[in-house]
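Input: a single structure, listed below in structure tokens.
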Amino acid sequence: ASERMLRVENTRLQAEIATMRAAHGRNKLELETQSIEVQNLRSRNAKLSGYLAVAETSAMHLRNSLQGAAPPPFAARAMEPAAEFFMGTPNDSAVQSRSTTPPRHARDRLETTLKQASTDAALVADLKEP
């Protein structure tokens, strides 16, 4: 009877060992999978950090270039001392009819620059979100 109990206990222990080995194998596989996922996330994080740095640099460069740039030609003309050339004088109807609106190509260039700055700012904001 005690020999039979020992065999039963031995069988139970061997089954438990087999179960533990299988669990160990699953845990090891899960650990390896998680390790690969961590590496992939670190790589993705590095890429996103790079994109963010590029976007911030681009936005900063654009802002600096806009701040340091000479005013557009139409703005410079409007600031000249001879503003009456553009604005006219009360008694000069011919001069009053002149437009102070900038040329279309200058307006388009300014609008494009402003849209690009807005797009850069939106990109930076999107990339900073968690």
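For the sequence shown, the numbering used here gives the first residue as 66, with consecutive numbering after it. We put the CB at the ideal spot given by N, CA and C, even for glycine. If you're wondering where the values come from, they're calculated on a predicted model, not measured in any experiment.
Can you check whether the CB of residue j is closer than 7 angstroms to the CB of residue i?
i, j, result
"A182", "L96", "no"
State buried or exposed for residue i, treating a residue as buried only when at least 16 other CB atoms are found within 10 Å of its CB.
i, result
"L71", "exposed"
"A120", "buried"
"A124", "buried"
Rounded to whole angstroms, how far is the Cβ of residue i from the Cβ of residue j, which I believe are closer than 8 angstroms?
i, j, result
"T178", "L131", "7 angstroms"
Leaving out five residues before and five after residue i in sequence, what residues of the same chain have Cβ atoms less than 7 angstroms from its Cβ?
i, result
"A66", "none"
"Q99", "none"
Between residue i and the rest of its own chain, which residues show a CB-CB distance below 6 angstroms, the 5 nearest in sequence each way excluded?
i, result
"T84", "none"
If you drop the 5 nearest sequence neighbours on each side, which residues of the same chain put their C-beta closer than 8 angstroms to that of residue i?
i, result
"Q104", "none"
"Q79", "none"
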